[in-house]
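Below is one structure, written out as structure tokens, with a few remarks after it.
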Amino acid sequence: MTRRTSNSLTDDLLRPVLETSTKFYVTTALLALIVAAGFGTWFYQIYFGLGVTGDNWPVFWGLHETNFVFWIGISHAGTLISAILRIVNATWRRPVTRCAEVITAFALMIGALFPLIHLGRPWLAWWLIPYPSERLLWPNYRSPLVWDFFAINTYLLSSLLFLALPAIPDFALIRDRTTGWRNWFYGKLSLGWQGTPKQWHRLESAMHMMALAIIPIAISVHTIVSFDFSMAVVPMWHSTIFGPYFVVGAIFSGIAALNIVMAIVRKALHLEKYLQPIHFRNLGKLMLAMSLLWGYFVFNERLVTWYGNTPHEMAALWSTQMGRYSPLFWTMIVCNFVLPFPLLTIRKLRSITATVIASCGVVVGMWLERFLIIVPSLSYKGTPYSWGAYLPRWPEIVIFSSSFAAMALLYLLFSKFIPIISIWEMKVGEHPHIKVAAEVQEAEAAGELI
Amino acid sequence: MTGVYGLFSTPELAQEAVDGLRASGVPDHEITIQSSEPLEEYAFGSRDRDTLMPWIAVLGAAIGMATGYFLTSITQQAWPISTGGMPIVTNWSNLIIIFELTMLGAVFASVITLMFSARLPRRLPKFYDREISNGKILIGVADPKEIDRVEHALRESSGGVRKMELQR
Chain Z
1 MTRRTSNSLT DDLLRPVLET STKFYVTTAL LALIVAAGFG TWFYQIYFGL
51 GVTGDNWPVF WGLHETNFVF WIGISHAGTL ISAILRIVNA TWRRPVTRCA
101 EVITAFALMI GALFPLIHLG RPWLAWWLIP YPSERLLWPN YRSPLVWDFF
151 AINTYLLSSL LFLALPAIPD FALIRDRTTG WRNWFYGKLS LGWQGTPKQW
201 HRLESAMHMM ALAIIPIAIS VHTIVSFDFS MAVVPMWHST IFGPYFVVGA
251 IFSGIAALNI VMAIVRKALH LEKYLQPIHF RNLGKLMLAM SLLWGYFVFN
301 ERLVTWYGNT PHEMAALWST QMGRYSPLFW TMIVCNFVLP FPLLTIRKLR
351 SITATVIASC GVVVGMWLER FLIIVPSLSY KGTPYSWGAY LPRWPEIVIF
401 SSSFAAMALL YLLFSKFIPI ISIWEMKVGE HPHIKVAAEV QEAEAAGELI
Chain W
451 MTGVYGLFST PELAQEAVDG LRASGVPDHE ITIQSSEPLE EYAFGSRDRD
501 TLMPWIAVLG AAIGMATGYF LTSITQQAWP ISTGGMPIVT NWSNLIIIFE
551 LTMLGAVFAS VITLMFSARL PRRLPKFYDR EISNGKILIG VADPKEIDRV
601 EHALRESSGG VRKMELQR
């Protein structure tokens with residue numbers, strides 16, 4: 001790679017970090033305001049109690065739990081996809097990986113907050129942490145909620161390390177190109193990185209080892225989230241396919257979120273040269289595969305329930321097919337299957353815009369799917385006299401909306417302090433033999449090589 | 451103590467410089483190489499590849515697994531809780547905690563090995579040039595025994611040699 005190319009790449013990718021526009025401050029302020037409204041509503045809910053939400057007998061898990069599962073699902077985009085692409089050495093991954101890993105870190109943080117929000121007394125959340133308390137109460141390791149604690153924290157810690165380690169050389173780059181507080185700040189973050197062959201090799205080895213470990217961790221996380229439901233004898237929850245069904249749904253929604261984020265980052269930070277149509281095309285193919293798998297699991301789940309024909313399960317099933325929740329169910333089918341299928345299969349339609357439209361549909365559809373897994377089953381739990389309905393109230397809706405603003409705000413701040421595309425990995429991608437391999441892959445993807 | 455180094459625009463020139471230094475009798479471990487990207491396809495960038503990291507990760511996983519096993523089973527025996535007719539030590543459900551801690555052990559072991567073997571964190575050594583961030587590759591020798599021979603070897607490849615006073 002020539003020095004000029006290297007410098008122009010570095011300049012392009014460092015620009016969002018080193019230059020700040022008025023738009024950045026305005027957007028940050030607006031998002032912070034929405035997040036503050038969310039926190040305010042949470043305090044209101046703590047003060048007046050969970051009675052201010054729509055949670056009531058028999059549906060005690062409403063929007064907060066839906067959001068928990070939704071955000072944990074979204075988190076599957078990043079680290080898992082990045083780890084898989086790293087292991088198979090997909091050359092096109094380079095601009096995508098950090099964009100994706102950031103989603104994982106923040107989506108997990110936001111997702112993990114929802115069980116706390118759903119607690120009547122969130123200050124007692126630390127009772128989940130395994131240590132011998134004065135009351136001699138240790139967590140019950142048979143409880144899926146304790147499994148959640150271990151799985152989510154393992155994934156969060158691993159994902160943060162997976163995100164932070166490859167950022168060290170980029171911190172060193174910023175350290176060398178800045179003065180003043182930035183030089184000091186990035187100097188500390190770069191940990192004295194010099195870029196010796198030994199350091200590079202150890203970094204790549206560690207990333208490889210972590211990628212190998214993170215794939216099963218990611219799969220386990222959403223399997224364990226599915227156990228929150230499938231371990232309970234509740235209609236349509238007590239199912240053996242819930243583990244893989246949730247994992248597929250999580251990867252599906254994660255890829256959709258990644259496409260949307262990449263499209264926004266591409267436009268807002270002027271990174272069109274780096275986030276190219278091939279990245280959206282390849283992620284679109286993955287999303288299509290996940291859409292088909294998701295459809296297969298939905299069919300399985302519903303066929304077996306219908307064939308079993310037990311009264312309480314049929315009540316929950318029919319409420320989503322033809323009853324109270326059917327508009328949501330059919331919207332979900334359109335968003336997750338009918339909309340993305342033509343947009344991602346017909347070559348003429350495939351474009352960045354089409355992929356983003358399909359992705360928006362999938363994000364909406366997957367949120368509805370989480371809602372439809374939780375609420376109708378609880379509505380028809382037990383004997384008919386205890387059946388009931390659920391409607392969210394404004395505190396849940398405000399908190400739900402502010403979680404999206406929190407995601408956008410955290411992402412915005414991250415991209416202000418850390419290059420959203422890994423600079424050194426992009427430079428490696430520009431090495432002559434790797435560039436040729438990337439061009440061959442791109443030609444194959446475009447159908448130019450047969 | 452003086453550091454002598456050259457800054458090279460391309461990996462090919464850097465390789466020539468390293469070859470020149472070797473030819474002039476400088477042992478490999480005394481040659482300092484720094485770059486802003488990994489250059490493992492070149493001989494100079496692929497040294498120091500031997501690492502025990504995979505084995506240490508396996509060891510970390512084993513420690514994590516043992517921690518998970520003892521944490522769950524000892525707790526359950528020390529504070530028995532009867533849940534849904536399950537035995538007091540429930541190995542099936544404990545496998546979930548054991549699995550998570552096994553993986554966490556492997557991840558932590560990899561990161562700790564990286565930190566130790568790459569000597570991070572540390573103060574940025576004096577023998578360093580900010581030009582590296584502009585794509586240059588630094589090849590040099592800290593405190594060479596024969597400065598003239600090192601300078602000659604570097605000058606042949608880069609045309610420019612820099613010196614730096616390093617603290618003892």
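Keeping their order, the protein sequence lines are chains Z and W. Under this note's numbering, the first residue of the first sequence is numbered 1, with each subsequent residue one higher. Under this note's numbering, the first residue of the second sequence is numbered 451, with each subsequent residue one higher. Glycine included, each C-beta is placed from N, C-alpha and C at the ideal position. All values derive from a computational prediction rather than experimental measurement.
Round the Cβ separation of residue i and residue j to the nearest angstrom and send it over; I've been treating them as touching at under 8 Å.
i: W:Gly610; j: W:Gly456; result: 6 Å
i: W:Gly624; j: W:Ala592; result: Residue 624 of chain W lies beyond the range of chain W shown here (451 to 618); nothing can be said about it.
i: Z:Leu173; j: W:Ser486; result: 6 Å
i: Z:Thr320; j: Z:Leu372; result: 6 Å
i: Z:Phe252; j: Z:Ser291; result: 6 Å
i: Z:Ala308; j: Z:Arg350; result: Checking the sequence shown, residue 308 of chain Z turns out to be Gly, not Ala. That pair is no contact at about 40 Å.
i: Z:Thr104; j: Z:Ser159; result: 5 Å
i: Z:Ser220; j: Z:Ser230; result: Between Z:Ser230 and Z:Ser220 the Cβ distance is about 14 Å, and since that is not below 8 Å, they are no contact.
i: Z:Ile346; j: Z:Ala263; result: The pair is not a contact, with the Cβ atoms about 20 Å apart (cut-off 8 Å).
Is it right to say residue i is buried, meaning 16 or more other beta carbons lie within 10 angstroms of its own, or is it exposed?
i: Z:Leu124; result: exposed
i: Z:Arg4; result: Caution is warranted here: a pLDDT of 48 is assigned to Z:Arg4, below 50, making its placement in the model unreliable, and no coordinate value can be reported.
i: Z:Pro144; result: buried
i: Z:Arg370; result: buried
i: W:Lys613; result: exposed
i: Z:Val26; result: exposed
i: W:Ala473; result: exposed
i: W:Glu466; result: buried
i: W:Phe494; result: buried
i: Z:Pro95; result: buried
i: Z:Phe48; result: exposed
i: Z:Tyr131; result: exposed
i: W:Pro571; result: exposed
i: W:Ile538; result: exposed
i: Z:Gln199; result: buried
To the nearest angstrom, how far is it from the Cα of residue i to the Cα of residue j?
i: W:Ile589; j: Z:Arg281; result: 42 Å
i: Z:Pro197; j: Z:Met207; result: 15 Å
i: W:Thr563; j: W:Met503; result: 6 Å
i: Z:Gln194; j: Z:Ile420; result: 21 Å
i: Z:Phe162; j: W:Thr501; result: 20 Å
i: Z:Ala250; j: Z:Glu272; result: 28 Å
i: Z:Ala151; j: Z:Pro58; result: 28 Å
i: W:Trp529; j: Z:Tyr380; result: 36 Å
i: Z:His28; j: Z:Thr178; result: Checking the sequence, you will find Thr at residue 28 of chain Z rather than His. Going from the Cα of Z:Thr28 to the Cα of Z:Thr178 covers about 24 Å.
i: Z:Ile72; j: W:Lys576; result: 45 Å
i: W:Ala464; j: Z:Arg93; result: 28 Å
i: Z:Val334; j: Z:Met366; result: 11 Å
i: W:Met536; j: W:Leu554; result: 27 Å
i: Z:Val146; j: W:Met565; result: 31 Å
i: Z:Leu157; j: Z:Arg142; result: 23 Å
i: Z:Met407; j: Z:Asp228; result: 24 Å
i: Z:Phe242; j: Z:Ile168; result: 39 Å
i: Z:His279; j: Z:Val265; result: 13 Å
i: W:Pro488; j: Z:Asp176; result: 17 Å
i: W:Ile483; j: W:Ser567; result: 16 Å
i: Z:Trp424; j: W:Pro461; result: 15 Å
i: Z:Ala112; j: W:Trp505; result: 33 Å
i: Z:Gly429; j: W:Val508; result: 30 Å
Find the nearest neighbour of residue i within the set the options, judged by alpha-carbon distance.
i: Z:Leu317; options: Z:Pro235, Z:Phe114, Z:Thr179, Z:Phe106; result: Z:Pro235
i: Z:Tyr390; options: Z:Met407, Z:Asn56, Z:Phe171; result: Z:Asn56
i: Z:Leu413; options: Z:Phe43, Z:Leu18, Z:His279; result: Z:Leu18
i: Z:Pro311; options: Z:Thr53, Z:Trp387, Z:Ser326, Z:Asp11; result: Z:Trp387
i: Z:Asn153; options: Z:Val225, Z:Arg98, Z:Pro166, Z:Arg121; result: Z:Val225
i: W:Asn544; options: W:Thr522, W:Arg580, W:Phe558, W:Glu601; result: W:Thr522
i: Z:Arg393; options: Z:His64, Z:Phe24, Z:Pro16; result: Z:His64
i: Z:Pro395; options: Z:Ser8, Z:Gly62, Z:Leu31; result: Z:Gly62
i: Z:Ile397; options: Z:Phe114, Z:Ala77, Z:Ser75; result: Z:Phe114
i: Z:Phe246; options: Z:Leu269, Z:Ala211, Z:Glu301, Z:Gly51; result: Z:Glu301
i: W:Leu616; options: W:Gly585, W:Ile587, W:Leu574; result: W:Leu574
So does residue i have its beta carbon nearer than 7 Å to some heavy atom of the ligand NAD?
i: Z:Val247; result: Looking for the ligand NAD in the displayed structure turns up nothing, as the structure carries no ligands at all.
Short-range partners of chain W found in the segment 345 to 369 of chain Z, where Cβ spacing is below 8 Å: none
Under 7 Å, CB to CB, which of the residues in the segment 196 to 224 of chain Z have a partner in chain W? Thr196, Pro197, Lys198, Gln199, Trp200, His201, Arg202, Leu203, Glu204, Ser205, Ala206, Met209, Met210, Ala213, Pro216, Ile217, Ser220, Ile224
Using a Cβ cut-off of 7 Å, which residues of the segment 577 to 593 of chain W contact any Cβ in chain Z, in chain order? Tyr578, Arg580, Ile582, Ser583, Asn584, Gly585
When Cβ atoms are compared, which residues of the segment 466 to 485 of chain W fall closer than 7 Å to chain Z? Ile483, Gln484, Ser485
Which residues, taken in chain order from the segment 289 to 300 of chain Z, show a beta carbon closer than 7 Å to some beta carbon of chain W? Correct list: empty, as no residue qualifies.
Looking at chain Z, which residues of the segment 514 to 529 of chain W have a Cβ within less than 7 Å of any of its Cβ atoms? Leu521, Thr522, Thr525, Gln526, Trp529
Using Cβ-Cβ distances below 9 Å, what residues of the segment 167 to 182 of chain Z are close to chain W? Here the close residues are Ile168, Pro169, Ala172, Leu173, Ile174, Arg175, Asp176, Arg177.
Using a Cβ-Cβ cut-off of less than 9 Å, list which residues of the segment 126 to 156 of chain Z approach chain W; keep chain order. Pro130, Pro132, Leu136, Leu137, Trp138, Pro139, Asn140, Tyr141, Arg142, Ser143, Pro144, Val146, Trp147, Phe150, Ala151, Asn153, Thr154, Tyr155
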